[in-house]
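A.B. asks: Take a look at this one; I'll ask things after.
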Amino acid sequence: LQATWLGDLTKRQGPMEKFALVTGTSRGVGAALLPMLLADGWTVLGISRSTGSTVQSPNFYSAALDLTEVGSARGLEDALAVVAKFKGLTRVALVNNAASLEPVGNLANVGLQTLAGSFLINTCFPMWLAHKVLALFVEQNVVVVNLSSGAASNPYAGWSSYCATKAALAMSTRVCREELGLFHRKKPALLVDYAPGVVDTQMQEQVRTSDPQQFPMVAKFRQLHNQGALVPASEPAGEIYRLCRQEFAHDEHLQVRYPISEETWDLLI
Ligand SMILES: NC(=O)c1ccc[n+]([C@@H]2O[C@H](COP(=O)([O-])OP(=O)(O)OC[C@H]3O[C@@H](n4cnc5c(N)ncnc54)[C@H](OP(=O)(O)O)[C@@H]3O)[C@@H](O)[C@H]2O)c1
4 LQATWLGDLT KRQGPMEKFA LVTGTSRGVG AALLPMLLAD GWTVLGISRS TGSTVQSPNF
64 YSAALDLTEV GSARGLEDAL AVVAKFKGLT RVALVNNAAS LEPVGNLANV GLQTLAGSFL
124 INTCFPMWLA HKVLALFVEQ NVVVVNLSSG AASNPYAGWS SYCATKAALA MSTRVCREEL
184 GLFHRKKPAL LVDYAPGVVD TQMQEQVRTS DPQQFPMVAK FRQLHNQGAL VPASEPAGEI
244 YRLCRQEFAH DEHLQVRYPI SEETWDLLI
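Structure, rendered in structure tokens:
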């Protein structure tokens, strides 16, 4: 039995020039990125558990998949195989944006399944999808944006899972750069480890409501919010959008955070 979204993608007629797979499109940074890509003529496959998106576009395919479940790999693999058959494709972007802060607190109180789920969504799916996309779309320019965090390099008590999964993702992006020669690609790839800053999304709401016993740094995040220091989601989304359509002549790896400096943009051209 084929999912409706996959059936719709399979039945799509005509060429497809630019394709983006974006995880976590139901809210936050991913939801802010979606209209930017669609307005620029991209076909977008958005992944989240809930698909109640307000975006209506014939070029938007929305799949309800839980990325803490290994079983979600099958639908993604099928979708990428369908997209690879379209004529006229020149550019593919993968935005590994969906992530989970859970489990927060002492891991002694957490089941191993929950911990494994965190690694699946924050690390395994992004790594695996990057390899799939780089291997499948060798004749297209490929941009992979992995959403990172200050937690990838700073240890926060109560966030051992989030910190470790984001650190592992950052290393996987670097390793991927070293492996690019193995894919026998005909067009270059841009691999980006991108930290979006402290963004005004539901994830930050969740951070602020943390129990200080579970997450002692909570006061710092409440203070940032009270000071109005949070960045609107459209700001990092705009930078991710710019990365997706960025011209680049050679394979590149970037490790950047919001806001990306003009010198960095210039380096790519
Ligand atoms: N917000 C910040 O301050 C901040 C700071 C540093 C880094 N980041 C990173 O930036 C990225 C975006 O964060 P955000 O603040 O926009 O997060 P958010 O508001 O919590 O949104 C997360 C998105 O991921 C999806 N998602 C969550 N669990 C999922 C699951 N099990 N399966 C499939 N999709 C799932 C959510 O949709 P459903 O719930 O419908 O599944 C939602 O669309 C993340 O990688 C985050 O780690 C954020």
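Last residue of the sequence shown: number 272 in our numbering, and the count goes up by one each step with no gaps. Virtual Cβ for every residue (Gly too), placed ideally from N, Cα, C. The model shown is predicted, which means the values in this text are computed figures rather than measured ones.
1) Just to confirm my understanding: we take Ser-264, look at its own chain, exclude 5 residues before and 5 after, and list those with CB closer than 7 Å. What are they?
2) Between which residues of its own chain and Thr-288 is the CB-CB distance below 6 Å, once the five residues before and five after are set aside?
3) Roughly how far, in whole angstroms, is the beta-carbon of Val-136 from the beta-carbon of Val-145, given that I think they are within contact range, below 8 Å?
4) Looking at the strands, I want to know which residues DSSP matches up with Asp-196.
5) Which of helix, strand or coil does DSSP assign to Tyr-159?
6) Could you check the C-alpha separation between Ala-66 and Glu-80 for me, to the nearest Å?
7) Going by alpha carbons, who is nearest to Asn-16 out of Pro-61, Phe-251 and Ala-23?
8) What are the start and end residues of the beta strand (DSSP E) that includes Ser-65?
9) Between Met-19 and Phe-89, which are expected to be in contact by the criterion C-beta below 8 Å, what is the C-beta distance as a whole number of angstroms?
10) Give the range of the beta strand (DSSP E) segment to which Arg-94 is assigned.
11) If you draw a straight line from the C-alpha of Pro-38 to the C-alpha of Gly-74, how long is it?
12) So is the beta-carbon of Asp-69 under 7 Å away from any non-hydrogen atom of ligand 2?
13) Under DSSP, the beta strand (DSSP E) around Ser-213 begins and ends at which residues?
14) Pick out whichever of Glu-72, Ser-151, Ser-29 and Gln-205 has its Cα sitting closest to the Cα of Ser-51.
15) Assign Val-25 to one of three DSSP states: helix, strand, or coil.
16) State the CB to CB distance for the pair Gln-217 and Val-107, rounded to an integer number of angstroms; the pair is presumed to be in contact (CB under 8 Å).
17) Is Leu-246 helix, strand or coil when you go by DSSP?
18) Short check: CB of Pro-235 to CB of Pro-199, under 8 Å?
19) Quick one, which of Arg-245, Trp-8, Lys-189 and Trp-162 has its alpha-carbon nearest Leu-104's?
20) Under 8 Å, with one C-beta from each stretch per pair, do the region 182-200 and the region 244-259 reach the 3-pair mark?
21) Quick check on Ile-124: does DSSP put it in helix, strand or coil?
22) So Ala-23 and Val-58 are supposed to be a Cβ contact under 8 Å. How far apart are they, rounded?
23) Just to confirm before moving on: does the CB-CB distance between Leu-36 and Val-98 stay below 8 Å?
24) Would Gln-230 be called buried (16 or more neighbouring beta carbons within 10 Å of its own) or exposed?
C.D. replies: In short:
1) The sequence position of residue 264 within the sequence shown is 261, counting from 1. If we look at Ser-264 and ignore the five residues flanking it on each side, it has no Cβ neighbours.
2) Examination of residue 288 is not possible in this model, given that the chain is present from 4 through 272 alone.
3) Position 133 of the sequence shown, counting from 1, holds the residue named residue 136. Position 142 of the sequence shown, counting from 1, holds the residue named residue 145. About 6 Å; that satisfies the 8 Å criterion.
4) By 1-based counting over the sequence shown, the position of residue 196 is 193. Asn-149 and Gln-258.
5) Sequence index remark: in the sequence shown, residue 159 carries index 156 (1-based). Three-state DSSP puts Tyr-159 in coil, outside helix and strand.
6) Counted from its first residue, the sequence shown places residue 66 at position 63. Counted from its first residue, the sequence shown places residue 80 at position 77. Near 13 Å, if we compare the C-alpha coordinates of Glu-80 and Ala-66.
7) Along the sequence shown, one-based indexing puts residue 16 at 13. One detail in the question is off: residue 16 reads as Gln in this sequence, not Asn. For the residues Pro-61, Phe-251 and Ala-23, the minimum Cα distance to Gln-16 belongs to Pro-61.
8) Numbered from its first residue, the sequence shown carries residue 65 at position 62. Element bounds for Ser-65: 63-67.
9) Sequence index remark: in the sequence shown, residue 19 carries index 16 (1-based). Sequence index remark: in the sequence shown, residue 89 carries index 86 (1-based). That pair is a contact at about 4 Å.
10) Start at 1 with the first residue of the sequence shown, and residue 94 comes out as number 91. From DSSP, the beta strand (DSSP E) with Arg-94 extends over 94-99.
11) Within the sequence shown, numbered from 1, the residue matching residue 38 stands at position 35. Within the sequence shown, numbered from 1, the residue matching residue 74 stands at position 71. In a straight line, the C-alpha of Pro-38 is about 29 Å away from that of Gly-74.
12) The model depicted lacks ligand 2 and carries ligand 1 instead.
13) Here residue 213 is taken as the residue at index 210 of the sequence shown, counted from 1. Here Ser-213 belongs to no beta strand (DSSP E), and DSSP marks it neither H nor E.
14) As a working note, residue 51 is residue 48 in the sequence shown. Ranking the options by Cα distance to Ser-51, first place goes to Ser-29.
15) By one-based count along the sequence shown, residue 25 stands at place 22. Strand.
16) The sequence position of residue 217 within the sequence shown is 214, counting from 1. The sequence position of residue 107 within the sequence shown is 104, counting from 1. Their Cβ separation, rounded to whole angstroms, is 5 Å, which keeps Gln-217 and Val-107 in contact under 8 Å.
17) The residue you call residue 246 lines up with position 243 of the sequence shown. Leu-246 falls in the helix class under three-state DSSP.
18) The sequence position of residue 235 within the sequence shown is 232, counting from 1. The sequence position of residue 199 within the sequence shown is 196, counting from 1. No, the Cβ-Cβ distance between Pro-235 and Pro-199 is not below 8 Å.
19) Translated into the one-based positions of the sequence shown, residue 104 becomes position 101. Of Arg-245, Trp-8, Lys-189 and Trp-162, the residue nearest in Cα terms is Trp-162.
20) yes
21) If you number the sequence shown from 1, residue 124 lands on position 121. In the structure shown, Ile-124 sits in a helix (DSSP, three-state: H, G or I).
22) Position 20 of the sequence shown, counted from the first residue, corresponds to residue 23. Position 55 of the sequence shown, counted from the first residue, corresponds to residue 58. That belief does not hold up - the Cβ atoms of Ala-23 and Val-58 are roughly 13 Å apart, past 8 Å.
23) Stepping through the sequence shown from its first residue, residue 36 is reached at position 33. Stepping through the sequence shown from its first residue, residue 98 is reached at position 95. Closer than 8 Å, so yes.
24) Against the sequence shown, residue 230 aligns to sequence position 227. Gln-230 should be labelled exposed.
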